[in-house]
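The numbering of the sequence shown is the working numbering, which starts it at 48 and goes up by one.
C-beta: ideal position from N, C-alpha, C; glycine also.
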Amino acid sequence: MDHLDLPALQRAAGTVKLPGSKSISNRMLLLAALAAGETEIRDLLDSDDTRVMLAALQQLGVGVTAIGTNAYRVSGCAGVFPGKDAELFMGNAGTAIRPLTAALALSGGRYKLSGVPRMHERPIGDLVDGLRQIGCDVRYAGNEGYPPLEIHPAAARLAAPIRVRGDVSSQFLTALLMALPLTGETAVIEMTTELISKPYIEITLNLMARFGVTVQRDGWGRFTIPAGQRYRSPGLLHVEGDASAASYFLAAGAIGGGPVRVEGVGLRSIQGDIRFAAALETMGARIVWGDNHIEASAPAAGKLKAFDLDLNHIPDAAMTLAVAALFADGPCTLRNIASWRVKETDRIAAMAAELRKLGATVEEGADALTVLPAPSLLNNAAIDTYDDHRMAMCFSLAALGGVPVRINDPKCVAKTFPHYFDAFAQIAAPVIAIDGPSASGKGTVAQRVAQALGFHFLDSGALYRLTALAALKAGVALDDEAAVAKVAAELPAEFVGDKILLFGEEVTEAIRAEDVGVGASKVAALPAVRTALLDRQRAYRRFPGLVADGRDMGSVVFPDAPVKVFLTASAEARGERRYKQLIDKGMPDNMRPLLQDIVKDLRERDARDAARSVAPLKQCDDADLVDTTALTIEEAVAAVMDSVRKARLQAAVF
Ligand code: DC
48 MDHLDLPALQ
58 RAAGTVKLPG
68 SKSISNRMLL
78 LAALAAGETE
88 IRDLLDSDDT
98 RVMLAALQQL
108 GVGVTAIGTN
118 AYRVSGCAGV
128 FPGKDAELFM
138 GNAGTAIRPL
148 TAALALSGGR
158 YKLSGVPRMH
168 ERPIGDLVDG
178 LRQIGCDVRY
188 AGNEGYPPLE
198 IHPAAARLAA
208 PIRVRGDVSS
218 QFLTALLMAL
228 PLTGETAVIE
238 MTTELISKPY
248 IEITLNLMAR
258 FGVTVQRDGW
268 GRFTIPAGQR
278 YRSPGLLHVE
288 GDASAASYFL
298 AAGAIGGGPV
308 RVEGVGLRSI
318 QGDIRFAAAL
328 ETMGARIVWG
338 DNHIEASAPA
348 AGKLKAFDLD
358 LNHIPDAAMT
368 LAVAALFADG
378 PCTLRNIASW
388 RVKETDRIAA
398 MAAELRKLGA
408 TVEEGADALT
418 VLPAPSLLNN
428 AAIDTYDDHR
438 MAMCFSLAAL
448 GGVPVRINDP
458 KCVAKTFPHY
468 FDAFAQIAAP
478 VIAIDGPSAS
488 GKGTVAQRVA
498 QALGFHFLDS
508 GALYRLTALA
518 ALKAGVALDD
528 EAAVAKVAAE
538 LPAEFVGDKI
548 LLFGEEVTEA
558 IRAEDVGVGA
568 SKVAALPAVR
578 TALLDRQRAY
588 RRFPGLVADG
598 RDMGSVVFPD
608 APVKVFLTAS
618 AEARGERRYK
628 QLIDKGMPDN
638 MRPLLQDIVK
648 DLRERDARDA
658 ARSVAPLKQC
668 DDADLVDTTA
678 LTIEEAVAAV
688 MDSVRKARLQ
698 AAVF
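1) Using a threshold of 9 angstroms, state whether the C-beta atoms of Pro-465 and Asn-427 are closer than that.
2) Within the chosen definition, does the segment 592 to 611 reach the segment 494 to 514 through at least 3 CB pairs nearer than 8 angstroms?
3) Could you check if Leu-196 belongs to the surroundings of the ligand DC, using beta carbon to heavy atom distance under 8 angstroms?
4) State the CB to CB distance for the pair Ala-415 and Leu-381, rounded to an integer number of angstroms; the pair is presumed to be in contact (CB under 8 angstroms).
5) Where Val-700 and His-436 are concerned, what is the direct C-alpha to C-alpha distance, given to the nearest angstrom?
6) How many angstroms separate the CA atom of Val-661 from the CA atom of Ala-575?
7) Rounded to a whole number of angstroms, what is the C-alpha to C-alpha distance between Ile-209 and Ser-94?
8) Note down the Cα distance separating Ile-361 from Arg-322, rounded to an integer number of angstroms.
9) Please list the segments of the beta strand (DSSP E) lying wholly inside the segment 446 to 511, counting only runs of 3 or more residues, in order along the chain.
10) CB Thr-97 to CB Val-121, shorter than 9 angstroms?
11) Taking Arg-88 as the reference, give the member of Leu-81, Ala-82 and Leu-76 with the closest Cα.
12) May I ask which residues mark the beginning and end of the beta strand (DSSP E) holding Met-238?
13) Assign Leu-549 to one of three DSSP states: helix, strand, or coil.
14) Consider the C-beta atom of Leu-629 and the heavy atoms of the ligand DC; say whether any pair is separated by less than 8 angstroms.
15) Mind checking who Phe-542 pairs with in its DSSP beta bridge?
16) Cβ atoms of Gly-155 and Val-185: under 9 angstroms apart, would you say?
17) Between the alpha carbons of Phe-258 and Arg-279, how many angstroms are there, rounded?
18) Measure the beta-carbon distance from Ala-293 to Ile-341 and round it to whole angstroms, keeping in mind my assumption that it falls under 8 angstroms.
19) Leu-78: which of Arg-583, Phe-270, Ala-150 and Ala-343 sits nearest, CA to CA?
20) Do you know whose CA, among Leu-614, Thr-230, Arg-212 and Ala-256, lies nearest Glu-241's CA?
21) Under three-state DSSP, which class holds Gly-61?
22) Quick check for students: name the residue ranges of the beta strand (DSSP E) that lie wholly in the segment 153 to 196, counting only runs of 3 or more.
23) At a cut-off of 8 angstroms, is Val-604 close to the ligand DC when judged by its beta-carbon and the heavy atoms of the ligand?
24) Does the Cβ-Cβ distance between Ala-472 and Arg-652 come in under 9 angstroms?
25) How should Ala-298 be labelled, buried or exposed, when 16 other C-beta atoms within 10 angstroms of its C-beta is the threshold for buried?
26) Expressed to the nearest angstrom, what Euclidean distance is found between the alpha-carbon atoms of Asp-363 and Gly-449?
27) In its own chain, which residues sit with a C-beta less than 7 angstroms from the C-beta of Leu-419, not counting the 5 before and 5 after it?
28) Verify the contact flag: Leu-664, CB atom, against every heavy atom of the ligand DC, threshold strictly below 8 angstroms.
29) Determine the burial state of Val-691: buried for a count of at least 16 other Cβ atoms within 10 Å of its Cβ, exposed for fewer.
30) Are the Cβ atoms of Asp-289 and Arg-315 separated by less than 9 angstroms?
31) Count the other CB atoms within 10 Å of the CB of Gln-218; is the residue buried (16 or more) or exposed (fewer)?
32) For Met-48 and Ala-439, I'd like the C-alpha separation in whole angstroms.
33) Are Ser-752 and Thr-417 touching if we call contact CB-CB under 9 angstroms?
34) Could you check what DSSP says for Trp-336 in three-state terms: helix, strand or coil?
35) Is Arg-577 near the ligand DC, judged by its Cβ being under 8 angstroms from some heavy atom?
36) In its own chain, which residues sit with a C-beta less than 7 angstroms from the C-beta of Arg-204, not counting the 5 before and 5 after it?
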């Protein structure tokens with residue numbers, strides 16, 4: 048896919064579970080590799096940059112085993128790497144090449160480190176200078192000051208303090224701090240310049256401490272690692288959610304109404320980027336903190352406010368503020384962000400160029416950016432992403448200005464967040480929720496509306512029918528709540544085109560049988576079954592949008608759906624429709640008396656669906672009522688499309 052077209056979006060609300068933090072994942076992997084003992088790391092980020100680190104560690108002879116989803120067991124090598132000869136490919140992962148360079152320089156082997164062309168434009172000279180001061184043999188294989196690098200065996204001498212600059216990247220200091228305990232000697236690092244991005248150093252020191260190595264810090268200018276400390280595995284570790292990634296969703300809540308909640312970071316987080324939430328607060332956004340979550344909503348009244356902020360402490364999340372500036376009530380200035388120039392791309396130049404495509408006036412300084420938003424965003428901007436994951440993620444927010452936006456090369460998000468656009472869709476993709484009783488015609492109507500809009504389609508009733516059928520096939524009693532919920536959670540069903548498969552067998556017709564319908568209505572009354580199917584239903588919410596049909600689409604599954612319709616018809620009319628369906632399926636047309644039974648059956652089922660304690664069938668207060676008793680299918684479709692227009696979604700879909 049060379050581009051992704053985001054529709055014009057109106058609102059963002061909901062909850063996102065964050066992927067693991069990149070900064071923490073790669074630091075933990077390296078520390079676990081250098082430590083004595085086995086470390087189990089859970090919730091590791093699954094992304095290009097962590098794969099680079101995992102592959103490098105394996106190449107260096109470290110035992111790394113996957114033990115479940117995003118969980119790994121690392122058998123530490125208790126000191127330097129066993130592999131003494133390796134050529135390592137580092138992609139564009141700064142969090143891998145910098146600390147590995149330092150650790151390898153002290154490992155007594157021969158190594159080559161290289162990356163993608165952009166990696167060879169990202170400076171590493173300050174780190175190499177630092178390592179050379181203690182006798183390490185690190186050479187440039189290409190341009191002076193940049194990767195690729197060659198490392199040769201050499202004995203380290205730690206007599207004098209190591210003097211390094213801290214104003215290009217804090218990762219040079221992180222690399223030295225993590226590697227120097229391998230010498231076993233006292234090591235002192237002195238900064239020769241102001242240190243940038245200090246919160247990242249706090250992450251480094253915090254994680255080193257968890258592995259048993261403490262560092263004495265005098266302000267931010269001098270760091271001492273006392274002699275005789277060795278990394279020891281703390282056993283089990285969890286990676287907290289990625290605070291930089293949280294910034295996109297929090298900004299979405301501030302721009303698109305909210306509340307948007309991110310789970311995985313909060314008051315207890317050790318990542319500096321959580322302070323992005325405070326920056327959003329200065330724009331007037333409402334922020335609520337929990338131990339392990341943060342929630343953001345739009346200002347109580349009016350627009351987001353303009354800002355002028357020093358953002359040196361949150362360089363990555365600051366990019367999100369540059370895009371949020373498009374929604375501010377005046378010019379916004381981001382200061383002290385020179386490090387943007389040496390990241391995945393020259394982010395100051397890239398940000399300026401792409402913001403202009405949306406109509407903003409942008410002034411670019413050596414280490415600052417001023418964004419003067421236009422009164423409304425320009426339509427159909429095609430945003431270039433410069434192989435920079437954060438450019439792609441940031442600019443998705445522009446669609447919340449109610450304009451369609453094209454994101455070129457959206458796959459670049461894989462660097463840190465492969466499923467970013469699915470997660471963003473979970474809070475922002477428009478949903479048209481169509482609820483109503485059986486045989487109201489909503490299935491057909493919903494499908495036609497989905498087709499007309501080019502949206503995805505969810506027939507949630509099919510999931511309950513599949514659960515009932517799967518339970519019946521497995522001999523599970525339909526009133527055994529725990530057992531049926533287990534069936535629902537594991538439901539091996541697939542939707543392939545028009546066909547529905549269960550255990551790989553086609554059941555498209557089978558799930559429409561009356562007894563399966565009755566069974567579905569029974570299992571649908573079990574709270575644990577409904578919970579088990581919740582995430583599965585929500586996963587259908589993708590761009591450009593979703594039409595979801597069921598009983599509780601608007602009330603429970605997608606409560607923030609911008610369009611809610613309650614589609615109904617008299618029981619008699621629905622009975623007639625069901626009777627006609629049966630005739631279409633081959634039943635002889637001489638069974639009119641059956642109609643009464645059908646109507647009775649429908650009434651009973653309505654009563655059961657309406658009386659159950661969880662998610663009963665009812666019209667939401669904010670749903671439009673469409674009574675199809677006297678309508679043709681075309682008229683019913685037109686009525687739903689009216690609701691879509693009324694919700695001003697037309698910009699998104701026409
Ligand atoms: O829409 P349908 O007839 O295929 O639904 C089958 C059963 O599943 C129906 O009795 C109600 C239940 N159901 C539900 O409880 N919630 C939904 N969202 C969809 C269906």
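Reading it off the structure:
1) no
2) yes
3) no
4) 6 angstroms
5) Confidence is the limiting factor: at Val-700 the pLDDT is only 44, short of 50, which leaves the residue's position unreliable and the question unanswerable from this model.
6) 10 angstroms
7) 33 angstroms
8) 7 angstroms
9) 452 to 455, 478 to 482 and 503 to 506
10) no
11) The sequence given here places Ile at residue 88; Arg does not occur at that position. That would be Leu-76, whose Cα lies nearest to the Cα of Ile-88.
12) 234 to 238
13) strand
14) no
15) Ile-547
16) no
17) 5 angstroms
18) 7 angstroms
19) Ala-150
20) Arg-212
21) strand
22) 157 to 161 and 184 to 187
23) yes
24) no
25) buried
26) 25 angstroms
27) Pro-378, Ala-407 and Thr-408
28) yes
29) buried
30) no
31) buried
32) 14 angstroms
33) The structure shown does not extend to residue 752, since the chain spans only 48 to 701, so no value can be given for it.
34) strand
35) yes
36) Ile-181 and Gly-182
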